[in-house]
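Student: Take a look at this one; I'll ask things after.
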Amino acid sequence: MPNPEIDINLEEFRGILAEALAEGGTQPLLRLTDEEIAILDPESLTECVAPTPRIAELSGQEREWAYATALRSLVSREAVEVANIEELDAVLRAAEVRQEAGETQAGAVPSGVDLDLRLTPEVSLALTLRRTAARALAVEQHTSSGRTHLLVYVHADDLYLVERVTSGGLHMFTLAASAKDAADMALLFVDPFEVAAKDGPVQHLTPEQISDQNVGRALGEAIDNALVVGQTVLLADTPGPLLTTYATGEALWTVYVEKPHAPSGIEARPVGKNTLRTLITKLISPS
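If you want it as structure tokens, here you go:
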């Protein structure tokens with residue numbers, strides 16, 4: 053498998069990015085599939101927090117064929133440039149031959165073949181930002197249709213990378229110019245039906261009550277009838293708070309845990325849109 057060097061200097065580009073975002077605001081960056089990320093940045097499959105659900109479903113043989121197809125797609129979309137294009141043809145032909153013969157190989161590129169891949173600035177930027185964030189917000193959404201993810205990589209108060217990962221392994225990247233914009237994307241992710249209507253009284257819980265499912269009638273009904281369940285956690289050197297959301301057809305409840313494994317500091321309540329946005333913004337904002 054090719055392993056192109058991601059050589060973008062984040063600090064060097066920070067001023068350019070901030071200026072571009074200030075001028076154009078939050079904006080979509082690009083889309084990549086699991087297989088394309090595996091080609092562009094193979095180490096990220098184990099080193100990054102973002103999942104690759106499609107790859108996990110493939111056998112070794114299926115994975116090789118998917119990688120070869122992804123490589124062809126990247127070149128055709130001009131997401132990468134292959135300096136030694138003749139080698140690319142050899143790679144794709146070899147992959148087809150091995151597929152027909154039922155052979156299996158770990159990557160899309162045969163041993164001894166060295167592709168000279170050069171990434172576009174957009175691709176290099178996205179892969180660098182997702183690798184170099186000191187803090188990230190990970191949101192996991194559970195519905196009857198399956199599980200999807202949203203990651204917010206925090207770099208500065210005017211620079212965030214938002215990565216949404218579908219259950220089919222499509223990664224959609226957005227550059228956000230503020231914590232509010234990033235929080236709004238996360239808010240729509242945990243409350244897609246916009247049922248967060250109004251704030252209710254705070255209910256203090258203990259870990260024992262949660263483990264025993266002794267959380268009271270109102271919260272219990274919200275948990276049992278939730279159409280969308282969101283798990284939001286701050287990933288950093290020091291473990292951050294955990295925010296769980298339960299969106300029913302009529303309301304949205306939050307369960308906020310200040311610190312992992314803490315004996316207290318657990319608060320549950322129904323919330324409105326503004327309070328939910330404030331909670332998420334607080335998690336995202338750089339300390």
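Counting in the numbering used here, the sequence shown runs from 53 upward without gaps.
Built from N, CA and C at the ideal position, the CB exists for glycine as well.
All of these numbers come straight from a predicted model, not from anything done at the bench.
Out of curiosity, what's the CA-to-CA distance linking Thr78 and Asp289?
Tutor: When only Cα atoms are considered, Thr78 and Asp289 end up about 27 Å apart.
Student: Going by DSSP, what residue range makes up the alpha helix (DSSP H) through Phe245?
Tutor: No alpha helix (DSSP H) holds Phe245; DSSP gives it neither H nor E.
Student: Please work out which residues of its chain come closer than 7 Å, Cβ to Cβ, to Lys232, disregarding the five sequence neighbours upstream and downstream, and give them in chain order.
Tutor: Thr333
Student: My output table needs one value for Gly272: the three-state DSSP class, helix, strand or coil.
Tutor: DSSP places Gly272 within a helical segment (H, G or I) once states are collapsed to three.
Student: Can you tell me which of the three DSSP states Gln265 falls into?
Tutor: coil
Student: Starting from Glu87, follow the beta strand (DSSP E) in both directions and report where the run begins and ends.
Tutor: Glu87 -> not in any beta strand (DSSP E); alpha helix (DSSP H) instead, spanning Asp86 to Leu92.
Student: Using a Cβ-Cβ cut-off of 6 Å (strictly less than) and excluding sequence neighbours within five positions of Ile318, which residues of its own chain qualify?
Tutor: Excluding sequence neighbours, Ile318 sits near Leu257 and Val309.
Student: Between which two residues does the alpha helix (DSSP H) holding Ala122 run?
Tutor: Counting along the chain, the alpha helix (DSSP H) containing Ala122 begins and ends at Gly112 to Ser128.
Student: Using three-state DSSP, classify Leu69 as helix, strand or coil.
Tutor: helix
Student: Could you name the residues of the same chain whose beta carbon sits closer than 8 Å to that of Leu287, not counting the 5 residues immediately before and after it, in chain order?
Tutor: Val101, Arg187, Ala188, Leu189 and Ala190
Student: Using the C-alpha atoms, what's the distance from Arg183 back to Ser196?
Tutor: 31 Å
Student: Hey, would you say the C-beta of Gly292 is under 7 Å away from at least one heavy atom of the ligand SAH?
Tutor: Questions concerning the ligand SAH fall outside what the structure shown contains, since it holds no ligand whatsoever.
Student: Quick check on Thr333: does DSSP put it in helix, strand or coil?
Tutor: helix
Student: Any idea what DSSP makes of Glu319, helix, strand or coil?
Tutor: In the three-state DSSP reduction, Glu319 falls in the strand class (E or B).
Student: Hey, would you say Thr210 sits closer than 8 Å to Ala235, going by beta carbons?
Tutor: According to the sequence as given, residue 210 is Asp; it is not Thr. In this structure, Ala235 does not lie closer than 8 Å to Asp210 by Cβ.
Student: Quick one: residues in its chain with C-beta nearer than 6 Å to the C-beta of Gly164, no 5 flanking neighbours on either side, listed in chain order?
Tutor: Interpretation of Gly164 is limited by its pLDDT of 41, a score under 50 that renders its predicted location unreliable; the figure taken from the coordinates is listed afterwards. Taken in chain order, the list of residues that qualify is empty.
Student: What's the gap between the Cα of Arg83 and the Cα of Met224?
Tutor: 5 Å
Student: Where DSSP assigns a beta bridge to Met224, which residues make up the other side?
Tutor: Arg83 and Arg216
Student: Which residue comes first and which comes last in the beta strand (DSSP E) that contains Glu133?
Tutor: Val132 to Val134
Student: Report the three-state DSSP secondary structure of Glu95 (helix, strand or coil).
Tutor: coil
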